[in-house]
Amino acid sequence: MTSQHPALLSASDIRQLADILDLRPTKTLGQNYVIDPNTIRRIVGAANLETTEHVLEIGPGLGSLTLGILDAAQAVTAIEIDPPVANRLATTIEQWRPDSVERLSVVEADALRISHDEIIESMPASADGPPSAIVANLPYNVAVPVMLHILAELPSIQHGLVMVQQEVAERIVAGPGSKIYGVPSVKMAWYAEATSAGSVGTKVFWPAPRITSGLVHFTARQPPVTTATRKQVFEVIDTAFAQRRKTLRAALSKWAGSGAAAEEILVAADVDPKARGEVLAVEDFARIAEHKQQREAQ
């Protein structure tokens, strides 16, 4: 019986490509390749892509997910840090989807440092505009910093689906009051509403990681209305969670100049000085940053 789905890379295809490139996946680059076509289809399906969309893929690796995205979207810009892997990707797409190679642009770059202009200048001709979605199997060791950097650089991103370590996924989607709510949760909330889209077992990867992966779906939102900059708000978040068991008055005392100053700022921001950072929403942190800014301007 013939499959209704376009062919995707199998486990043997992935290993054959790795042999061609003399590639040995490294922990340094967080390389774990998906070798199960059904998992690829699940990820792409959960991303809810429109056929007209331009998708940004981070860490495409050998192309398993890239093929799946090209089947669902209009254009793909893929950012790959590993030169041999980046150089091979277009060839793989040409072999497996010869009609789609012009809809792909591969950028050899570090996703932690790539700029908005670099991405825009590298867009495939078929893209109608900058990327509106992210779909990625993110390198586990830098998943959160990469996500936050890309969302800061590309305000055009409206939604996405990323795969990360299960523990990281849970932290990203956690809400105020949760024991695992922290810096990733609050900073992600600045850009988007994030929800869990399920988990992925270890057997669908090569090499198999020791821990389960989690899928995170996100939808862009407007950041809190504030006169404080994102940098100022994020500084408050980092400071509050650096000593998360302390009250906000104590945790923010050095940042504010003194405990008394911290309390004054918190009260002005309508935040209980005896509360801890783990109970505040991103809007609360924005108000704290704004009131410090106002205090300094007096």
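So the mapping is simple: the working numbering equals the position in the sequence shown, first residue as 1, plus 2.
Backbone N, C-alpha and C fix where the C-beta goes; we use that ideal spot for every residue, glycine too.
Quiz prompt | Buried or exposed (CB count within 10 angstroms, at least 16 for buried), Thr249 | solution = With 16 or more Cβ atoms within 10 Å of its Cβ, Thr249 is classed as buried.
Self-check item: Nearest-angstrom Cα separation, counted from Arg90 out to Val235
Solution: 41 Å
Quiz prompt | Anticipated Cβ contact below 8 Å, Phe243 with Gly184, distance rounded | solution = Confirmed, about 5 Å.
Self-check item: Inter-stretch contact (C-beta, 8 Å, three-pair minimum) for the stretch 32-52 and the stretch 105-112
Solution: no
Exercise. Measure the alpha-carbon distance for Ile174 versus Met149 and round it to whole angstroms.
Key: The alpha-carbon atoms of Ile174 and Met149 are separated by roughly 11 Å.
Self-check item: Residue ranges of each beta strand (DSSP E) within the stretch 155-218, 3 or longer
Solution: 161-167, 194-202
Self-check item: Assigned secondary structure, Asn34 (DSSP; H/G/I helix, E/B strand, else coil)
Solution: coil
Self-check item: Neighbourhood of Arg43 by C-beta distance below 7 Å, restricted to the same chain and skipping five residues each side
Solution: His7, Gly70
Self-check item: 3 or more residues per run - each beta strand (DSSP E) lying fully within the stretch 88-143
Solution: 106-110, 135-139
Exercise. Could you check if Thr231 is buried or exposed, using at least 16 other CB atoms within 10 Å of its CB as the buried criterion?
Key: exposed
Practice problem: Going by CA-CA distance only, name the one from Gly47, Val103, Gln97 that's closest to Thr79. | Solution: Val103
Quiz item: How is Val284 classed by DSSP in three states: helix, strand or coil?
Solution: helix
Quiz prompt | Cross-strand partners of His7 (DSSP beta bridge) | solution = DSSP, once it has assigned bridges, lists no residue as partnering His7.
Quiz prompt | Candidates Ala222, Ile121, Glu155, of which the one nearest Leu163 by Cα | solution = Ala222
Practice problem: Pick out whichever of Pro211, Ala196, Glu195 has its Cα sitting closest to the Cα of Val202. | Solution: Pro211
Practice problem: With a cut-off of 8 Å on the beta carbons, I'd call Ile182 and Leu58 a contact; round off their distance for me. | Solution: Rounded, the Cβ-Cβ distance is 27 Å, inconsistent with contact.
Quiz item: With burial defined as no fewer than 16 other Cβ atoms inside 10 Å of the residue's Cβ, what is the status of Ala258: buried or exposed?
Solution: buried
Exercise. Check whether the Cβ atoms of Ile290 and Val238 sit closer than 7 Å, and answer yes or no.
Key: yes
Exercise. Kindly identify the DSSP beta-bridge partner or partners of Leu58.
Key: Paired residues: Thr79, Ile136.
Quiz item: Of the residues Ile121, Arg115, Pro85, Asp73, which one's Cα is nearest the Cα of Ile95?
Solution: Asp73
Quiz item: Run through DSSP, which three-state label would Ala230 get?
Solution: coil
Quiz item: If Met190 and Ala196 are in contact, beta carbons under 8 Å, what's the gap, nearest whole angstrom?
Solution: 5 Å
Quiz item: Roughly how many whole angstroms lie between the Cα atoms of Asp21 and Ala88?
Solution: 15 Å
Quiz item: Considering only residues of the same chain and omitting the five flanking positions on each side of Ile213, which have a CB-CB separation below 8 Å?
Solution: Contacts found: Gln167, Gln168, Glu169, Thr204.
Exercise. Taking the CB atoms as reference points, tell me whether Ser124 and Arg105 lie closer together than 7 Å.
Key: no
Quiz item: Taking DSSP as the reference, what is the three-state secondary structure of Thr249?
Solution: coil
Quiz item: Taking C-beta to C-beta, are Val273 and Asp286 nearer than 7 Å?
Solution: yes
Quiz item: Skipping 5 residues on each side, what residues in its chain have a beta carbon closer than 8 Å to that of Pro275?
Solution: Thr249, Leu250, Arg251, Ala264, Glu265, Leu268, Val269
Quiz item: First and last residue of the alpha helix (DSSP H) that includes Val269?
Solution: 261-270
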